[in-house]
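J.: Before I ask anything, let me first share the structure, which is written out below as structure tokens.
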Amino acid sequence: MTSNDPLLQPYQLKHLTLKNRVMSTSHEPAYSEDGMPKERYRLYHAEKAKGGMALTMTAGSAIVSRDSPAAFGNLHVYDDRIVPWLAELADACHEHDCKVMIQITHLGRRTGWNKADWLPVLSASPVREPAHRAFPKTIEAWDIERIVADYASAAQRCQAAGLDGIEFESYGHLMDGFWSPATNHRDDEFGGSLDNRLRFTDMVLDAVRTAVGEKFVVGIRMVADEDFEKGLSKEEGVEIARRLANSGKVDFLNIIRGSIETDAALTKVIPVTGMRSSPHLDFAGEVRAATKFPTFHAARISDVATARHAIATGKLDMVGMTRAHIADPYIVKKVMEGREHEIRPCVGATYCLDRIYEGGEALCVHNAATGREATIPHVIAKSEGPTKKVVVVGAGAGGLEAARVAAERGHEVTVLEASSQAGGQVRLATQNPRRKELIGIIDWRLAELDRLGVEIRYDTWAEKNDVLALAPDVVIVATGGLPQNPPLTAGDNLVTSSWDIMAGSVKPAENVLLYDDNGGHQGMGAAELIANSGAKLELVSPERFFAPEMGGLNHVPYMRAFHEKGVTVTINTRLRSVRRDGNQLIAELASDFADGWRAERRVDQVVVEHGTAPLDDLYLSLKPLSKNGGAIDYERLVNGGDIFPQRNQEGGFVVFRIGDAVASRNIHAAIYDGIRFGIRI
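Under this note's numbering, the very last position in the sequence shown is 746; numbers go up by exactly one each time.
Below, the structure written as structure tokens:
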């Protein structure tokens, strides 16, 4: 059946027929093993292929040379061993008529020298990149010669693996390090004029075309405007795009705007929640109009309506929905089947990228199957066993996920929620207006539970007899936790919790000290609300840097607010005690580093954040009546088998707890608990 949907129209790129206009642009999920895209990497991309997209771009910068050590799990495309692994990945995606390309690069100064083989970092000129802190050496003629050859041999490996094409990364890396006046201070044939600054790129393109021939698809992801005073201007960037389009050496442009050398700059390129969506779409459209050349683009195009607009109005030829597919790899399939309303939304939390940049791997804040395709399904299968009565107590993120999964399995599910609305700590987090999009985590699950016919009973403080009256086979305790104070020698009764500030039950005073002994969004969110209220605020943390549980991209908007509002940030310092002095409070501070060091602050209010203590009374009352006594077989949870040991022959049901009802963690942990336990019922 033919569709009129602009997103579903095929696109001809050279000899390739892309079946629709939706793609995932290159990004590095850090799923590699020894620089190779093994099973986890393959399954991640294959799932998106199953989901209907036309083109998946692998590898956020597969590295072409040894002196470009991996910065965040990059693939080693300089190594012949990668060919069969890439071939397996390509075959898995081609099975679903999804084309596969790879991004290759030399990272230049965007990495560290004290990694891998400890070879010097290099760039066009010795300009340090703040994000990775390396001082690069000036690239020499012999470096250029060998790196050009490395690009060519890397491209040959990609072609040999059966990939459909490659793209060069010219976006904060070595190639565009020559383009930008900010990073190219040379006075030789590679510096000065635009012709000279493009010389290295021309050498790479010529070598690659000689190596792979004219038929192999070659594109470039390029910055066409660095958008800062010393950087590559829009005028020069668009001119570079024109020259590349007219060169006959590339087949598409993948347009980016901005700089990525600091966290603050990077968020303008990759916006987080509360920031503008699709901020550079119009600019990419301008480049397409100027070049009249195949143009791809991605930058927080997270919803189908915007993606459809990008194609329908001719701004793009292929639209990248990269983070959106981390949240839901089945976007295209759902559009094709008229289930657009069932798409799991990307809420902009940027948990995925912050984990990568902090040395972890990409995980979606509310799709725990992403990156775990070998063990956690994106599409929940019906249970082959008998239908069970499942009672979920608590309608926070974890409880709603457990209920969704159990219902998808075919079980009869009832949710009991103490408050008048679902959401738990996620709803609390959205009281910071900048993070209101997080409510999509809850709204999507509520819509899914409605579709599945799950009953949610609000305003129900569930006790043991309330649960037993439902004659459950399985009880999932998702009651979460309550805020707890940090250890203080005195003054427990004088402090205010971050929850009280976030909920609005306590207003910020005029002069506030906030002590964050947790290191995540909870304390930072309260601090931002306090700062925005006009209060004088000092943020105190015992850590070496504040909010270590939160990555650099999410750090940016908090720090912006703190600077704008004059917040004082004090690290390496503990809150020891609080005492009253007239109408004010005295906060006594101490040091882990200098025994006996003390300092005092006179303030109107002390706000504390120290995570949560489990709300586990119901769980403890149900344990003795259960078959498993609350126990979980962790070995079987990880490797397969019945996870609920029989510990009580008289027990009438299985009981277990998830999320913060176990211990203070985060949204992703609660949702992961919900699905990995739910699929085992």
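All C-beta atoms, glycine included, are put in the ideal place defined by N, C-alpha and C. The structure displayed is predicted, hence computed values, not measured ones.
First and last residue of the alpha helix (DSSP H) that includes residue 580?
T.: No alpha helix (DSSP H) contains residue 580, which is instead part of the beta strand (DSSP E) from 576-581.
J.: So residue 432 packs on residue 370, CB below 8 Å; how close in whole Å?
T.: Contact flag wrong, Cβ pair sits at about 20 Å.
J.: Going by beta carbon distance, what residues of the same chain come within less than 6 Å of residue 125, once the five residues before and after it are set aside?
T.: Cβ neighbours of residue 125 beyond the five flanking positions: 91, 92, 93.
J.: Determine the burial state of residue 661: buried for a count of at least 16 other Cβ atoms within 10 Å of its Cβ, exposed for fewer.
T.: Classification for residue 661: exposed.
J.: Taking the alpha-carbon positions, what's the residue 225 to residue 102 distance?
T.: Approximately 15 Å, taken between the alpha carbons.
J.: Which same chain residues, not among the five before or five after residue 387, have their C-beta less than 8 Å away from its C-beta?
T.: Same-chain partners within the cutoff: 89, 90, 92, 363.
J.: Is the beta carbon of residue 296 less than 8 Å from the beta carbon of residue 367?
T.: Taking 8 Å as the Cβ cut-off, residue 296 and residue 367 do not qualify as a contacting pair.
J.: Restricting to Cα atoms, I'd like to know which of 384, 412, 543 is closest to residue 85.
T.: Among 384, 412, 543, the Cα nearest to that of residue 85 is on 384.
J.: Whose C-beta lies closer than 8 Å to the C-beta of residue 107 among residues of the same chain, with five residues either side of it excluded?
T.: Counting only Cβ-Cβ distances below 8 Å, and skipping sequence neighbours, we find 150, 153, 154, 157.
J.: When you compare only the Cα positions, how much space is there between residue 561 and residue 643?
T.: The straight-line gap from Cα to Cα measures roughly 11 Å.
J.: When burial is assigned at 16 or more other CB atoms within 10 Å of the CB, is residue 265 buried or exposed?
T.: Burial call: buried.
J.: Drop a sphere of 10 angstroms on the beta-carbon of residue 610, count the other beta-carbons inside from all chains shown, and report buried for 16 or more, exposed for fewer.
T.: Exposed, by the Cβ-count rule.
J.: Give the DSSP-derived three-state secondary structure of residue 422 in the structure shown.
T.: Looking at residue 422 - three-state DSSP - the assignment turns out to be helix.
J.: For the beta strand (DSSP E) that residue 666 lies in, which residues bound it at each end?
T.: Counting along the chain, the beta strand (DSSP E) containing residue 666 begins and ends at 663-668.
J.: For the alpha helix (DSSP H) containing residue 276, name the first residue and the last one.
T.: 264-277 is the span of the alpha helix (DSSP H), which, as asked, contains residue 276.
J.: Mind checking residue 558: buried by the 16 CB within 10 Å criterion, or exposed?
T.: When all chains shown are included, residue 558 counts as exposed.
J.: With DSSP collapsed to three states, give me the class of residue 280.
T.: Residue 280 falls in the coil class under three-state DSSP.
J.: What residues in its chain sit with their C-beta under 8 Å from that of residue 168, if we drop five residues either side in the sequence?
T.: Correct list, in chain order: 91, 122, 123, 124, 125, 126, 127, 231, 232, 233, 234, 286.
J.: Cα separation between residue 670 and residue 410?
T.: Looking at the two C-alpha atoms, the distance is approximately 38 Å.
J.: Under the assumption that residue 710 contacts residue 698 (Cβ atoms under 8 Å), give the Cβ distance between them as a whole number of angstroms.
T.: Right, the Cβ-Cβ distance comes to about 5 Å (below 8 Å), so this counts as a contact.
J.: What beta strand (DSSP E) runs, 3 residues minimum, are completely inside the segment 184-267?
T.: Those beta strand (DSSP E) runs which fall completely within the segment 184-267 and span 3+ residues are 230-235.
J.: In the DSSP output, which residue or residues are listed as bridge partners for residue 111?
T.: Partner(s): none; residue 111 has no beta bridge.
J.: Pick out whichever of 680, 592, 175 has its Cα sitting closest to the Cα of residue 622.
T.: Checking every option, the nearest Cα to that of residue 622 belongs to 592.
J.: Just to confirm the assignment, what range does the alpha helix (DSSP H) spanning residue 356 have?
T.: That run of the alpha helix (DSSP H) goes 346-356.
J.: Within the same chain, show all residues whose beta-carbon is closer than 8 Å to that of residue 415, passing over the 5 residues directly before and after it, in chain order.
T.: Around residue 415: 335, 337, 338, 388, 616, 618, 619.
J.: Please state the DSSP three-state secondary structure of residue 362.
T.: Three-state DSSP puts residue 362 in a strand.
J.: Determine which residues share a DSSP beta bridge with residue 638 and list them.
T.: Note: residue 638 sits in no beta bridge, so no partner.
J.: Can you give me the C-alpha to C-alpha distance between residue 663 and residue 596, rounded to a whole angstrom?
T.: If you take the alpha carbons of residue 663 and residue 596, they lie about 26 Å apart.
J.: My output table needs one value for residue 106: the three-state DSSP class, helix, strand or coil.
T.: Residue state, collapsed to three classes: helix.
J.: In terms of alpha-carbon separation, which member of 639, 569, 613 lies closest to residue 603?
T.: Among 639, 569, 613, the Cα nearest to that of residue 603 belongs to 639.
J.: DSSP three-state label for residue 118, please.
T.: It is coil, neither helix nor strand.
J.: Could you give the DSSP three-state label for residue 152: helix, strand or coil?
T.: Here residue 152 sits in helix by DSSP.
J.: Is residue 693 buried or exposed, if buried means 16 or more other CB atoms sit within 10 Å of its CB?
T.: Label assigned to residue 693: buried.
J.: Could you tell me which residues DSSP pairs with residue 608 in its beta bridges?
T.: DSSP output for residue 608 lists no bridge partner at all.
J.: By the three-class DSSP mapping on this structure, what secondary structure does residue 651 have?
T.: Looking at residue 651 - three-state DSSP - the assignment turns out to be strand.
J.: Compute the Euclidean distance between the alpha carbons of residue 170 and residue 460, then round it to the nearest angstrom.
T.: C-alpha separation (whole angstroms): 46 Å.
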